[in-house]
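As they're listed, the protein sequences go chains U and Y. For the first sequence, the numbering used here assigns the number 259 to the initial residue and increments by one for each residue that follows. For the second sequence, the numbering used here assigns the number 360 to the initial residue and increments by one for each residue that follows. Think of the CB as a built atom: it goes at the ideal place given N, C-alpha and C, for glycine as much as any other residue. Source: prediction; values computed, not measured. What follows is one structure encoded as structure tokens, with my remarks underneath.
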Amino acid sequence: MSAAHNSAPLQSGVNWLAHGVLWLGIAITAFPLYIAFVASSLTPQDIAQAPMPLWPGPHLLDNYRQTLIQGLKGTYLSPPVWLMLWNSLLMALIIAGGKIVVSILSAYALAFFRFPGRNVLFWMIFLTLMLPVEVRILPTYEVVSDLGLINSMAGLTLPLIASATGTLLFRQFFLTIPDELVEAARMDGAGPLRFFKDVVLPLSATNIAALTVILFIFGWNQYLWPLLITTDNRLDTIVVGITKMIGSGDAATDWNLVMATTLLAVLPPVLVVVLMRRWFVKGLVDSEK
Amino acid sequence: MQRKVVFPQKGLPYWLLAPQLAITLVFFFWPGGQAMYMSLLLQDPFGHSVQFVGLENFRLVFADEDYLQAVWRTAYFSLAVTVLAMVPGLALAVMADRVIKGGTAYTTAMLVPYAIAPAVAGVLWLFMLNPSIGVMAWWLKHAGVAWNPTLDGSDAMWLVILASAWKQVAYNFLFFLAGLQAIPKSLLEAAAIDGARPFRRFYTIVFPLLSPTTFFLLVVGLVYAFFDTFGVIDAVSQGGPASATETLVYKVYKDGIHSLDLGGSAAQSVVLMVIVVALTMIQFRFIERRVHYS
Numbered sequence: 259m260s261a262a263h264n265s266a267p268l269q270s271g272v273n274w275l276a277h278g279v280l281w282l283g284i285a286i287t288a289f290p291l292y293i294a295f296v297a298s299s300l301t302p303q304d305i306a307q308a309p310m311p312l313w314p315g316p317h318l319l320d321n322y323r324q325t326l327i328q329g330l331k332g333t334y335l336s337p338p339v340w341l342m343l344w345n346s347l348l349m350a351l352i353i354a355g356g357k358i359v360v361s362i363l364s365a366y367a368l369a370f371f372r373f374p375g376r377n378v379l380f381w382m383i384f385l386t387l388m389l390p391v392e393v394r395i396l397p398t399y400e401v402v403s404d405l406g407l408i409n410s411m412a413g414l415t416l417p418l419i420a421s422a423t424g425t426l427l428f429r430q431f432f433l434t435i436p437d438e439l440v441e442a443a444r445m446d447g448a449g450p451l452r453f454f455k456d457v458v459l460p461l462s463a464t465n466i467a468a469l470t471v472i473l474f475i476f477g478w479n480q481y482l483w484p485l486l487i488t489t490d491n492r493l494d495t496i497v498v499g500i501t502k503m504i505g506s507g508d509a510a511t512d513w514n515l516v517m518a519t520t521l522l523a524v525l526p527p528v529l530v531v532v533l534m535r536r537w538f539v540k541g542l543v544d545s546e547k
Numbered sequence: 360m361q362r363k364v365v366f367p368q369k370g371l372p373y374w375l376l377a378p379q380l381a382i383t384l385v386f387f388f389w390p391g392g393q394a395m396y397m398s399l400l401l402q403d404p405f406g407h408s409v410q411f412v413g414l415e416n417f418r419l420v421f422a423d424e425d426y427l428q429a430v431w432r433t434a435y436f437s438l439a440v441t442v443l444a445m446v447p448g449l450a451l452a453v454m455a456d457r458v459i460k461g462g463t464a465y466t467t468a469m470l471v472p473y474a475i476a477p478a479v480a481g482v483l484w485l486f487m488l489n490p491s492i493g494v495m496a497w498w499l500k501h502a503g504v505a506w507n508p509t510l511d512g513s514d515a516m517w518l519v520i521l522a523s524a525w526k527q528v529a530y531n532f533l534f535f536l537a538g539l540q541a542i543p544k545s546l547l548e549a550a551a552i553d554g555a556r557p558f559r560r561f562y563t564i565v566f567p568l569l570s571p572t573t574f575f576l577l578v579v580g581l582v583y584a585f586f587d588t589f590g591v592i593d594a595v596s597q598g599g600p601a602s603a604t605e606t607l608v609y610k611v612y613k614d615g616i617h618s619l620d621l622g623g624s625a626a627q628s629v630v631l632m633v634i635v636v637a638l639t640m641i642q643f644r645f646i647e648r649r650v651h652y653s
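Below, the structure written as structure tokens:
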């Protein structure tokens with residue numbers, strides 16, 4: 259009662275407007291996904307007779323079975339989509355895990371030690387923020403090809419593992435760990451590696467979780483890099499696979515199967531966001547600080 | 360900033376930094392340097408002849424009518440995407456801030472597009488607006504709107520703008536909502552008691568207090584529109600029809616990978632680096648200021 263009374267001056271009976279606008283927002287958010295879902299339950303003929311029905315048809319399971327197990331036939335002979343999902347999962351996990359390990363170690367060095375060149379190295383890492391893969395496409399491709407990493411999982415993931423964002427985030431957090439903890443550890447004779455394992459790592463658990471969620475989505479959604487580095491269809495990630503399925507002409511596109519693949523591509527990152535919403539939000543907000 | 364108490368080891372920190380530095384040097388600085396070096400050279404695609412030409416590649420890039428058009432196109436595209444993603448983001452955040460019941464559920468639903476890859480967002484919208492089979496294209500046709508993004512450049516531009524903005528609303532929503540929730544409720548209540556109606560409260564109190572968030576999201580939005588929309592464009596239009604949707608980033612890719620114009624592509628890369636540096640600087644200066652005020 260009292261809470262309702264307190265907020266009374268701000269309410270003024272417009273809440274239906276708020277709910278209405280929010281529902282409209284959700285409708286616009288969800289509509290493309292709903293259409294994709296409906297299309298994935300139809301036959302190509304159903305879709306071709308525009309407009310396609312707006313209610314799901316009976317071919318849902320058939321379509322997904324064919325997509326997952328056989329893949330698409332046509333100008334682009336796709337591998338079965340389960341393999342693409344596997345490639346994407348592997349790539350996302352390696353990128354997320356690799357970035358976390360690499361950046362937490364370097365942040366630990368930058369925060370807990372004083373050594374010659376520390377500032378220079380910090381700025382070097384910071385500068386990588388300004389070199390997104392999009393601006394150094396050709397030379398990076400050449401480096402990876404010189405190293406013989408074209409068409410390999412290593413070539414797909416290694417160049418994306420350096421993370422200035424992760425390093426800055428962990429360093430920022432490490433600077434807030436009280437000096438007393440470090441002093442106590444040193445008095446007890448615990449070395450830096452012991453301190454890292456027993457104190458720093460457990461304290462960083464929530465930061466690691468939050469960053470993992472963000473980086474998993476980042477890795478899963480990679481597009482330009484896998485497009486360049488893999489010419490072997492069996493290494494196609496699902497995001498790249500979808501655009502290859504569409505190709506340039508839309509004449510022979512099996513849109514029902516493409517839309518089934520699209521929903522399969524969307525499902526893992528969406529589930530991660532929905533199920534780990536709190537960590538996701540924390541990671542997103544922290545990594546922009 | 361620096362901790363007061365640190366560990367005395369001298370060699371260990373270098374080992375801890377080694378993996379990060381190795382990757383950074385091999386995959387960032389070496390290719391970044393290569394791009395700068397190549398931008399000063401004229402070479403044929405097969406590497407038979409190489410000639411140092413100084414700033415000639417840059418002169419050619421800026422004298423190229425296509426490139427200048429791409430600059431304007433990119434500016435138009437980026438602004439449209441940023442505004443179209445920010446305005447609904449703000450409106451939805453304001454509404455979600457008012458809702459007491461079900462706020463979390465709304466937020467979760469609204470965040471979904473953020474998880475979707477730009478290329479996939481492009482495919483979803485391409486399917487709905489495909490001129491021969493798309494549901495929304497059919498609606499447009501029956502509303503008397505001529506729509507064909509495969510032939511009409513401005514239709515294609517709208518398609519990539521829509522798909523790109525749709526994906527980014529979630530991000531703006533989240534940060535605007537956080538900004539709104541940081542505004543003390545007492546301030547708004549005082550204004551309400553003084554008789555300020557909701558709209559007035561928004562313009563005189565809420566929006567000015569949100570201006571740091573707005574500016575931050577503007578910069579982030581521009582960076583997104585510049586770089587992360589590559590996937591949308593490649594999936595939807597491959598820069599076409601007739602380069603109507605070719606942004607600067609897409610042009611670097613096309614000229615470098617498909618046309619093998621190495622020097623020109625490298626010069627374009629260097630120009631893009633300058634843009635990223637500028638945007639990053641703005642972002643960080645601004646964030647430093649924000650930390651000062653808080």
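Compute the Euclidean distance between the alpha carbons of residue i and residue j, then round it to the nearest angstrom.
{"i": "Leu533 (chain Y)", "j": "Leu416 (chain U)", "result": "31 Å"}
{"i": "Ala367 (chain U)", "j": "Thr441 (chain Y)", "result": "38 Å"}
{"i": "Lys610 (chain Y)", "j": "Ala429 (chain Y)", "result": "8 Å"}
{"i": "Leu483 (chain Y)", "j": "Ala422 (chain U)", "result": "32 Å"}
{"i": "Arg535 (chain U)", "j": "Ile352 (chain U)", "result": "22 Å"}
{"i": "Leu449 (chain Y)", "j": "Thr572 (chain Y)", "result": "10 Å"}
{"i": "Leu581 (chain Y)", "j": "Ala522 (chain Y)", "result": "15 Å"}
{"i": "Lys613 (chain Y)", "j": "Glu392 (chain U)", "result": "12 Å"}
{"i": "Phe538 (chain U)", "j": "Leu427 (chain U)", "result": "15 Å"}
{"i": "Gln527 (chain Y)", "j": "Gln480 (chain U)", "result": "16 Å"}
{"i": "Leu387 (chain U)", "j": "Leu499 (chain Y)", "result": "42 Å"}
{"i": "Ala261 (chain U)", "j": "Phe366 (chain Y)", "result": "Residue confidence is low: Ala261 (chain U) scores 40 on pLDDT, short of 50, so the model does not pin down where it sits. Its coordinate-derived value is still stated next. Cα to Cα, Ala261 (chain U) sits roughly 52 Å from Phe366 (chain Y)."}
{"i": "Leu542 (chain U)", "j": "Ala467 (chain U)", "result": "12 Å"}
Counting only Cβ pairs nearer than 9 Å, list the residues of chain U close to residue i.
{"i": "Tyr562 (chain Y)", "result": "By Cβ distance, chain U contributes nothing, its closest Cβ being about 16 Å from Tyr562 (chain Y), past 9 Å."}
{"i": "Gln393 (chain Y)", "result": "Arg394, Leu396, Pro397, Thr398, Glu400 and Val401"}
{"i": "Asp593 (chain Y)", "result": "Tyr481, Leu482, Leu485 and Thr501"}
{"i": "Ala335 (chain Y)", "result": "Outside the shown range of chain Y (360 to 653) lies residue 335 (chain Y), about which nothing can therefore be said."}
{"i": "Ala474 (chain Y)", "result": "Ile475, Trp478, Asn479, Val524, Pro526, Pro527, Val528, Leu529, Val530, Val531, Val532 and Phe538"}
Show which residues of chain U have a CB atom less than 7 Å away from the CB atom of residue i.
{"i": "Trp389 (chain Y)", "result": "Val401"}
{"i": "Val378 (chain Y)", "result": "It should be pointed out that residue 378 (chain Y) corresponds to Pro in this sequence rather than to Val. The contacting residues are Val360 and Leu363."}
{"i": "Leu375 (chain Y)", "result": "Leu363, Ser364, Tyr366 and Ala367"}
{"i": "Gly512 (chain Y)", "result": "Residues of chain U passing the Cβ test: none, with the nearest at roughly 17 Å."}
Just list the residues that DSSP pairs residue i with in beta bridges.
{"i": "Leu401 (chain Y)", "result": "Y:Gln410"}
{"i": "Phe574 (chain Y)", "result": "Bridge partners of Phe574 (chain Y): none, in fact."}
{"i": "Phe366 (chain Y)", "result": "U:Phe371"}
Answer yes or no: does any C-beta atom of chain U fall closer than 8 Å to that of residue i?
{"i": "Ser491 (chain Y)", "result": "yes"}
{"i": "His651 (chain Y)", "result": "Because the pLDDT of His651 (chain Y) is 37, which lies under 50, any placement of that residue in the model is unreliable, and the question is left without a value."}
{"i": "Val364 (chain Y)", "result": "yes"}
{"i": "Leu449 (chain Y)", "result": "no"}
{"i": "Ser624 (chain Y)", "result": "yes"}
{"i": "Val635 (chain Y)", "result": "yes"}
{"i": "Leu581 (chain Y)", "result": "no"}
{"i": "Gln368 (chain Y)", "result": "yes"}
{"i": "Ser628 (chain Y)", "result": "yes"}
{"i": "Val611 (chain Y)", "result": "yes"}
{"i": "Phe386 (chain Y)", "result": "yes"}
With a threshold of 8 Å between beta-carbons, can residue i be considered close to chain Y, or not?
{"i": "Asn345 (chain U)", "result": "no"}
{"i": "Pro316 (chain U)", "result": "no"}
{"i": "Asn409 (chain U)", "result": "no"}
{"i": "Val378 (chain U)", "result": "no"}
{"i": "Thr287 (chain U)", "result": "yes"}
{"i": "Phe295 (chain U)", "result": "no"}
{"i": "Val530 (chain U)", "result": "yes"}
{"i": "Pro338 (chain U)", "result": "no"}
{"i": "Ile352 (chain U)", "result": "no"}
Applying a beta-carbon distance threshold of less than 9 Å, which residues of chain Y neighbour residue i?
{"i": "Trp513 (chain U)", "result": "Phe486, Asn489 and Ile492"}
{"i": "Thr423 (chain U)", "result": "None at all; the shortest Cβ gap to chain Y is about 12 Å."}
{"i": "Gly283 (chain U)", "result": "Pro447, Ala450, Leu451, Met454, Ala455, Tyr465, Ala468, Met469, Val528 and Phe532"}
Going along chain U, which residues have a C-beta under 8 Å from residue i?
{"i": "Pro477 (chain Y)", "result": "Asn479 and Tyr481"}
{"i": "Ile382 (chain Y)", "result": "Val360, Leu416, Pro417, Ile419 and Ala420"}
{"i": "Thr639 (chain Y)", "result": "Leu387 and Met388"}
For residue i, go through chain Y and note every residue whose CB falls closer than 8 Å to its CB, in chain order.
{"i": "Met517 (chain U)", "result": "Phe486"}
Identify the contact partners of residue i in chain Y, using a Cβ-Cβ distance below 7 Å as the criterion.
{"i": "Thr520 (chain U)", "result": "Val479, Val482 and Leu483"}
Contact residues within the region 440-458 of chain U, judged by C-beta distance below 7 Å to chain Y: Val440, Glu441 and Pro450
According to a CB-to-CB cut-off of less than 7 Å, which residues of the region 451-470 of chain Y neighbour chain U? Leu451, Met454, Ala455, Arg457, Val458, Tyr465, Thr467, Ala468, Met469 and Leu470
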